Amino acid sequence: PRPGVLKHVSESGEACFTVRVGMPSNARVSTALARRICDLATRFSEGYLRMTRRHSLELVGVDPARIEELIEELRALGLPVGGADRSFHNVVCCTGWIHCQFAATDAPAIAKAISDALWEGFQQEGYPAKLKVSVAACVNQCGEGSTADIGVIGIHRDLPRVNDEEVAKCEIPLILFICPTGAIKPKPPKSVQVDPKRCIHCVACVGQCVGMPIGSPETDGVAIYVGGKAGNQGGGPAFGKLVIPYLPNRPPRWPEVVQAVRRIVDLWVREARRDERIGDWISRIGWERFFQKTGLPVSEKHLDGYVLWPMSARTGVRFHW
């Protein structure tokens, strides 16, 4: 057994081997590389491969006698083998700025920076449990940031900029209805205005009308959540909780974000028990000790930890109201 090589055994005792491969951020590859990978699948796994939900690639049904040969060929393409069991799994992210009007950050670039910082953990199985990091460019959570051990979530801090001429072409009642906090009010004859005291920068109105863009290079950034997971092990499925309300966008390497993620991971590796995901570890030691040990400041902005919040907000993996 070695990191990234999965053995599946049937009831009859027959075994099937899968080799898991790390892919670039957002699973974007060139057509040339895609053809090379398909050639390897034809030669080593009877033409079968698949993408996992965490953007890793798996070659299924590899002859165990040829696993090392396959790994060497993958290494020659710059593709590492790993990301299974007690290791750093491939980072999941959304498309970010390249495709989405809601994005407050460049999710694939942050995923790349975090991957580079933790890459030795991808090819080893030296962590207490699996480590999943996800990056979502906005609160809509296409990047699954709230259900990862560590989630990096893009946030807007400015108000939607109302263009009266463009808003007049939109359905005003729908704009008013879609705001979850009632921050948008009619503005005669056919426009709207935003109450800064009620707006939560959720981008719901932005998707409803192109005349209300949001986002600013000076104020956009990210928040860090920890403790989320979708699996049933340990304490069961959980949403991550806010630990850092805001970090600035500093491309191309996002040093503050990488440093924060590294600080949390290093502490978890030192102190967690075997098979203890980050959220389960925090549940055992308590949030107060977590903040003390990490040195992260606590402020009134950490309101998502309010114990009764599910009674006043709908819960779900995506941002819905």
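At position 303 of the sequence shown (counting the first as 1) the number is 329 in the working numbering, and the numbers step up by one without a gap. Virtual Cβ for every residue (Gly too), placed ideally from N, Cα, C. Because the structure is a prediction, the values reported are computed rather than measured.
8 Å Cβ cutoff met for residue i and residue j
i, j, result
"Gly169", "Val118", "yes"
"Val284", "Ala139", "yes"
"Ser71", "Gly48", "no"
"Glu191", "Val236", "no"
"Leu85", "Leu103", "no"
"Gly254", "Gly305", "yes"
"Phe128", "Val232", "yes"
"Arg80", "Lys156", "no"
"Arg69", "Gly109", "no"
"Ile176", "Ile97", "no"
Cutoff 8 Å; reference residue i; Cβ partners in own chain excluding five residues on either side
i, result
"Ala41", "Lys33, His34, Val35 and Pro90"
"His182", "Ala130, Cys164, His227, Val229, Ile240, Gly241, Ser242, Thr245 and Asp246"
"Pro278", "Ala135 and Ala139"
"Thr78", "Arg46, Glu84 and Asn116"
Spatial distance of residue i from residue j (CA atoms)
i, j, result
"Lys211", "Ala249", "28 Å"
"Phe148", "Phe203", "45 Å"
"Arg92", "Ala60", "21 Å"
"Leu144", "Ile63", "24 Å"
"Gly257", "Ser82", "18 Å"
"Gly260", "Ser160", "20 Å"
"Leu273", "Pro29", "33 Å"
"Tyr251", "Gly171", "8 Å"
"Asp221", "Ser56", "46 Å"
"Pro271", "Phe43", "43 Å"
"Arg76", "Val287", "29 Å"
"Gly122", "Gly312", "33 Å"
"Asp111", "Phe316", "24 Å"
"Pro134", "Ser38", "43 Å"
"Ala209", "Pro186", "11 Å"
"Glu95", "Asn275", "42 Å"
"Asn116", "Pro199", "42 Å"
"Gln150", "Val31", "11 Å"
"Cys120", "Asn52", "7 Å"
"Gly73", "Glu99", "16 Å"
Backbone secondary structure at residue i - three-state DSSP
i, result
"Gly87", "coil"
"Arg101", "helix"
"Gly260", "coil"
"Lys319", "helix"
"Cys196", "coil"
"Arg76", "strand"
"Lys327", "coil"
"Thr57", "helix"
"Thr207", "coil"
"Gln234", "helix"
"Val229", "coil"
"Ile270", "strand"
"Arg46", "strand"
"Lys158", "coil"
"Ser217", "strand"
"Cys119", "strand"
"Ala130", "coil"
"Ala110", "coil"
"Pro243", "coil"
"Lys223", "coil"
"Gly152", "coil"
Other residues of its chain near residue i: CB distance less than 6 Å, five sequence neighbours each side excluded
i, result
"Ala298", "Pro154 and Trp307"
"Trp280", "Ile136 and Ala139"
"Arg225", "Note on residue identity: the sequence assigns Cys, not Arg, to residue 225. Answer for Cys225: Leu185 and Ala209, listed in chain order."
"Asn189", "Gly237"
"Phe265", "Ser172 and Gly254"
Same chain, Cβ closer than 7 Å to residue i, neighbours up to 5 away in sequence not counted
i, result
"Lys319", "Leu293"
"Val178", "Ile136, Val161, Gly171, Val248, Ile250 and Val283"
"Arg300", "Pro154"
"Ser338", "Any reading at Ser338 must be qualified, since the residue scores a pLDDT of 43, below 50, and its modelled position is unreliable; the value itself is stated next. Taken in chain order, the list of residues that qualify is empty."
beta-carbon residue i near the ligand NAP non-hydrogen atom, thresh 7 Å
i, result
"Gly305", "This structure simply doesn't include the ligand NAP, nor any ligand for that matter."
Buried or exposed by the 16-neighbour rule on C-beta atoms within 10 Å, applied to residue i
i, result
"Pro215", "exposed"
"Ala163", "buried"
"Ala174", "buried"
"Leu105", "buried"
"Asp132", "buried"
"Arg101", "exposed"
"Ser325", "exposed"
"Trp146", "One point to set straight first is that residue 146 is Glu, not Trp, in the sequence displayed. Glu146 is exposed by the Cβ-count criterion."
"Val295", "exposed"
"Ala58", "exposed"
"Glu197", "exposed"
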